[in-house]
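What follows is a single structure, written as structure tokens, with notes after it.
In the numbering used here, the protein residues as written are -1 to 287.
Encoded structure:
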């Protein structure tokens, strides 16, 4: 299967939310990274049929998804960022309701619902009301409804939003387990959500696609440009004011600060050690935040 995004534009009055983005997606996991307001949600709303593009198109195996209509929605699974759940439904009842909305046969839904609840680790609470669920359990239920009809295209909007570190790891591992044989798009501004799971990283800034590459290629472009400075506390303001240095993580060990920076050449006047670039460095370098 192939999704082709061709010159996709979306305008709201004078504001251009998408500025002619292009990409070709095949089976695999894609990290769609960008800060808030970059255009990620606009793109996903067009892909899921909630918005109409101003111009351009998205093709699924050569067919315009707007013309495909119900046919495309039948192979699409979507996990929204907002937890739009019915608190008085049970997990099992919620999935049965969504199965009916998707026109799944009752026999198919009866077989499939226990499977997906097991996949997301909710079998033991299948009969419990959703209002009793933790944030992590609700996120897993949203993933369950997204994969209920065994979609070929799976769109996940900020899948770990509002979760603690343990829950984030559990959700990321779950996504890796259920992604086989699908085009999976994870839209987020949280780098760790896609760093290990994504086959390719798409960076979007102010409605423009600024990169479409593997993690290794993106990090490799910063080789020799990321350093860790060892400085005293009183020198931090000097480092932060240095226009040649882009400051990343800062950690402390007693009276010494370790400051991760990105720069074109090895910084002079500092005790500096080169470090291996990571995706956070790529994000910082691209978006300056």
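No residue lacks a Cβ here, since even glycine has one placed at the ideal position from N, Cα and C.
Identified DSSP bridge partners for residue 17: Looking up residue 17 in the chain shown gives position 19. 7, per the DSSP bridge assignment.
Measure from the alpha carbon of residue 357 to the alpha carbon of each residue in 9, 24, 26, 25, then state which is nearest. The structure shown does not extend to residue 357, since the chain is modelled only from -1 to 287, so the question has no answer here.
Taking DSSP as the reference, what is the three-state secondary structure of residue 186? The count along the chain shown starts at 1 and reaches residue 186 at position 188. Residue 186: strand per DSSP, three-state reduction.
What are the start and end residues of the alpha helix (DSSP H) that includes residue 80? The residue labelled residue 80 in the question sits at position 82 within the chain shown. From DSSP, residue 80 is part of no alpha helix (DSSP H); its letter is neither H nor E.
Decide if residue 43 is buried, meaning its Cβ has at least 16 other Cβ atoms within 10 Å, or exposed. Within the chain shown, residue 43 is the residue found at index 45, counting from 1. Looking at its Cβ environment, which holds 16 or more other Cβ atoms inside 10 Å, residue 43 is buried.
Straight-line gap, residue 37 to residue 65 (C-alpha atoms, nearest Å): Position 39 of the chain shown, counted from the start, is the residue given in the question as residue 37. Position 67 of the chain shown, counted from the start, is the residue given in the question as residue 65. Approximately 23 Å, taken between the alpha carbons.
Minimum C-alpha distance to residue 192 - residue among 169, 61, 162, 88: Taking the first residue of the chain shown as 1, we reach residue 192 at position 194. Out of 169, 61, 162, 88, 169 has the C-alpha closest to the C-alpha of residue 192.
On the DSSP bridge assignment, give the partners of residue 269 in chain order. By 1-based counting over the chain shown, the position of residue 269 is 271. Answer is 228.
Boundaries (first-last residue) of the beta strand (DSSP E) holding residue 199: Counting from one through the chain shown, the residue named residue 199 turns up at place 201. 198 to 203 is the span of the beta strand (DSSP E), which, as asked, contains residue 199.
Suppose the cutoff is 7 Å on Cβ atoms and the five residues either side in sequence are ignored; what does the same chain contact list for residue 94 look like? Working through the chain shown from its first residue, we reach residue 94 at position 96. 107, 111.
Return the first residue and the last residue of the beta strand (DSSP E) that residue 254 is part of. By one-based count along the chain shown, residue 254 stands at place 256. 254 to 260 is the span of the beta strand (DSSP E), which, as asked, contains residue 254.
Residues that residue 92 bridges to, as DSSP identifies them: Here residue 92 corresponds to residue number 94 of the chain shown, with the count starting at 1. BP columns for residue 92 are empty, so no partner.
Run through the DSSP bridge pairs and tell me what residue 55 is partnered with. On the chain shown, residue 55 is found 57 positions in, with the first residue counted as 1. Per DSSP, 4.
CB of residue 176 within 8 Å of CB of residue 153, strictly: In the chain shown, the residue the question calls residue 176 occupies position 178. In the chain shown, the residue the question calls residue 153 occupies position 155. Their beta carbons are not under 8 Å apart, which means residue 176 does not touch residue 153 by this criterion.
With a 10 Å radius around its C-beta and 16 neighbouring C-beta atoms as the bar for buried, classify residue 151 as buried or exposed. Taking the first residue of the chain shown as 1, we reach residue 151 at position 153. Flag for residue 151 reads buried.
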